[in-house]
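In what follows, a single structure is set out as structure tokens and then discussed.
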Amino acid sequence: MLAARDVCSGYGKIEVIRGVSLAVEAKEVVSVLGINGAGKTTLARTISRLLPCRAGQITFEGQDVTNLSPQELVRLGLAQVPEHRRIFGPMSVWENLDLGAYAKYRSLGRDGRQRLAKFVYDLFPILWQRRNQAAGTLSGGEQQMLAIGRALMSEPKVLILDEPFLGLAPMVVESLCSTIKHLNAQGLTILVVEQNASVALKIAHRVYLMGLGRIEGEGKPEELRNDERIRAAYFGRDGRRPTARRERTEEERWTSGLPRTN
């Protein structure tokens, strides 16, 4: 349904991903697992056409979309929830959701947007309670719910989630995992880029392992969960992943001149 073939991309003169290929089949949940600075966000942004594809090809439902605009991709049915959520803080929850349908305003109409908003509110009841509240006053977990809801307002066939669990409390992570599985059970195809191995393996049907700018492996969660290399790289010696802290975006890490790891 969604595929990248030998894709290269980056920022300015810096090439971050080189010859990356992956495929996501209809109704799958696929995780791209990698450490900070591996190029996961760059890959997600390139697939969504938020970054230019310097080489290679991106296809969606068999159509070459390598040179389409982000708006055109949204109209075709691909939406992304960006790293660090990027909601519009001064605007209300409802206004943020309504903006999520911007690429389909004419085709959806007011009734269509209200129908989708009801779907989002049913999915995340707290957003209904806070619909008139400024989005910037929401908790981190609520903001992530809003970011997902905003993407769902475009009625996507494929949803890309960029580091959706970063900095969230374990209870919120569990809730969002359940939501992702629920959406997938309803037929939504999902691509997750994630550095938390526990979650990436838990929610996916297949997992791609990303090194610095390249795909280094692929497998099913049950195959990778007991791989000692994976455990050492992502869980540490005690079998648990170190506590995450607030991190720079991938673009900041690659363009700041500072080390790529935190």
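Counting from 157, one number per residue, gives the positions in the sequence shown under my numbering. Idealized CB from N, CA, C, for every residue including glycine. What you are looking at is a predicted structure, and each value in this text was computed from that prediction instead of being measured.
For M366, the enclosing beta strand (DSSP E) has its first and last residue at 362–366. The beta carbons of I316 and L347 sit closer together than 7 Å. Between V328 and G292, the C-beta spacing is not below 7 Å. Rounded to the nearest whole angstrom, the C-alpha separation of A303 and S204 is 16 Å.
Following the DSSP letters along the chain, one finds C209 in no alpha helix (DSSP H), marked with neither H nor E. With 16 or more other CB atoms across the displayed protein chains lying within 10 angstroms of its CB, G190 is buried. Contact between M301 and A257 is ruled out by a C-beta separation of about 17 Å, above the 8 Å threshold. For T345, the uninterrupted beta strand (DSSP E) segment begins and ends at 345–350. With contacts defined by Cβ atoms closer than 7 Å, A360 and S177 do not form a contacting pair. The beta carbons of S165 and L207 sit closer together than 7 Å.
In terms of CA proximity to L234, R201 leads the group R201, S248, F244.
Nearest in C-alpha terms to N382, of all of S354, T197, D267, Y261, is S354.
Contact between P320 and V237 is confirmed by a C-beta separation of about 6 Å, below the 8 Å threshold. Per DSSP, the continuous beta strand (DSSP E) segment holding I316 begins and ends at 314–318. Judged by DSSP in its simplified three-state form, G265 adopts helix.
The segment 280–288 makes contact with the segment 244–253; the number of CB pairs closer than 8 Å reaches 3 or more. According to the DSSP secondary-structure assignment, R161 is paired through a beta bridge with Q213.
About 6 Å separates the CB atoms of G305 and L253; that is less than 8 Å, so the two are in contact.
Note that the C-beta distance between V349 and K169 is not below 7 Å.
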